[in-house]
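Okay, so here's the structure we're looking at.
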Amino acid sequence: MKLVGIKTVDDQFKTAVAPLCESIAMRNKLEAALVDWQEECGLGPAGTIRQGIRLIHSRMMTLAVNSTPPSSPSAGSETSRSQEVVPSFMIESDDKNFPVIVVTGQIPDQLQRTFQKLKTLIAHCVATLGHADNLLTKIEESIKHISESHDELAHLCLESGLKGQKATRAAENFTWNLRLLKAQLSLVAKSQDEAQDIITQVFDVGGVLGILSPKLTHRSGARRFSRVIPDPIKDSSL
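So the sequence shown is numbered by UniProt numbering: it starts at 1 and just counts up by one.
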């Protein structure tokens with residue numbers, strides 16, 4: 001943010017710096033994790049979570065079909081049983097109803113990276129949803145307090161000895177900073193919606209593919225995870 005040149009006003013903007021920086025870092029991490037996972041799946045920038053998980057599911061199904069564990073008379077041993085586990089994955093939920101990806105069986109390194117990046121993306125979504133409300137409140141409060149100084153800006157400039165071009169520059173910097181805060185407020189809200197949508201898509205596509213854990217499958221209110229209605233046309237085309 002830019003210095004206005006009026007101490008009381010600059011102090012107000014300084015209180016908004018911490019939540020502003022935190023919100024920018026939070027959004028950047030979420031966006032980077034999403035792009036990283038899309039690239040790992042082979043999706044373009046417009047690729048959705050539903051598409052990505054469908055791709056992973058298809059690859060795991062192919063891997064499972066191609067896995068032909070040899071029959072062994074010592075099948076009772078721990079080693080034999082672990083080797084004979086068919087590669088699969090399912091979607092579980094933690095105690096806060098966020099998705100958890102559970103993978104079983106031996107899978108190639110590339111698929112392991114794909115799952116790990118999906119887990120990282122989900123972790124960033126959880127972090128975003130855990131911090132967004134607090135950041136929104138702090139930025140909203142800063143905007144409210146700073147906006148109250150707008151009508152007094154001309155008087156505050158005179159009190160601080162700012163005249164002519166200096167007063168004009170102070171007003172311009174004030175407006176710039178306020179617009180920056182308002183824009184970031186919108187971005188935090190957008191990040192919150194995007195994170196929730198990703199979580200929603202994970203559960204929704206898990207239900208479509210039949211890979212939800214038994215706990216989620218038999219939970220009568222499992223659909224409460226969704227805040228958006230899946231698009232049947234897009235889903236059926238994948």
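Glycine residues also receive a C-beta, built at the ideal position from the N, C-alpha and C atoms.
On a predicted model such as this, the values are computed, not experimentally measured, just so you know.
Length of the line joining the Cα atoms of residue i and residue j
{"i": "PHE13", "j": "LYS190", "result": "23 Å"}
{"i": "ASP11", "j": "LYS2", "result": "12 Å"}
{"i": "SER80", "j": "VAL202", "result": "Below a pLDDT of 50, predicted positions are generally treated as unreliable, and SER80, at 49, falls in that range; the measurement from the model is reported next regardless. Distance between the alpha carbons of SER80 and VAL202 is about 33 Å."}
{"i": "THR62", "j": "GLN106", "result": "13 Å"}
{"i": "CYS21", "j": "LEU158", "result": "31 Å"}
{"i": "ASP36", "j": "GLN51", "result": "15 Å"}
{"i": "VAL126", "j": "ALA195", "result": "7 Å"}
{"i": "THR168", "j": "GLY206", "result": "57 Å"}
{"i": "PHE115", "j": "LEU55", "result": "12 Å"}
{"i": "HIS155", "j": "LYS163", "result": "11 Å"}
{"i": "GLU40", "j": "LYS117", "result": "8 Å"}
{"i": "VAL17", "j": "ASP197", "result": "28 Å"}
{"i": "VAL208", "j": "LYS96", "result": "22 Å"}
{"i": "GLY44", "j": "LEU34", "result": "11 Å"}
{"i": "GLN110", "j": "GLY42", "result": "12 Å"}
{"i": "ILE49", "j": "THR120", "result": "13 Å"}
{"i": "SER149", "j": "VAL9", "result": "7 Å"}
{"i": "THR104", "j": "GLY47", "result": "26 Å"}
Per DSSP, the bridge partner or partners of residue i
{"i": "PHE115", "result": "Per DSSP, none; premise fails for PHE115."}
{"i": "PHE89", "result": "VAL103"}
{"i": "LEU212", "result": "ILE91"}
Inter-residue CB distance, residue i and residue j (contact presumed, cutoff 8 Å)
{"i": "PRO19", "j": "MET60", "result": "Between MET60 and PRO19 the Cβ distance is about 41 Å, and since that is not below 8 Å, they are no contact."}
{"i": "HIS131", "j": "LEU30", "result": "Not a contact, Cβ separation roughly 11 Å."}
{"i": "SER93", "j": "LEU216", "result": "6 Å"}
CB of residue i within 9 Å of CB of residue j, strictly
{"i": "residue 298", "j": "ILE146", "result": "The chain is shown from 1 up to 238; residue 298 falls before or after that span and cannot be answered."}
{"i": "HIS57", "j": "ILE211", "result": "yes"}
{"i": "THR128", "j": "GLN192", "result": "yes"}
{"i": "ILE91", "j": "VAL100", "result": "yes"}
{"i": "THR15", "j": "SER142", "result": "yes"}
{"i": "ILE122", "j": "VAL188", "result": "no"}
{"i": "SER23", "j": "LEU180", "result": "no"}
Exercise. Hey, which unbroken runs of the alpha helix (DSSP H) at 4 residues or more fall wholly within the stretch 119-161?
Worked result: As far as the stretch 119-161 is concerned, its whole alpha helix (DSSP H) runs of at least 4 residues are 153-159.
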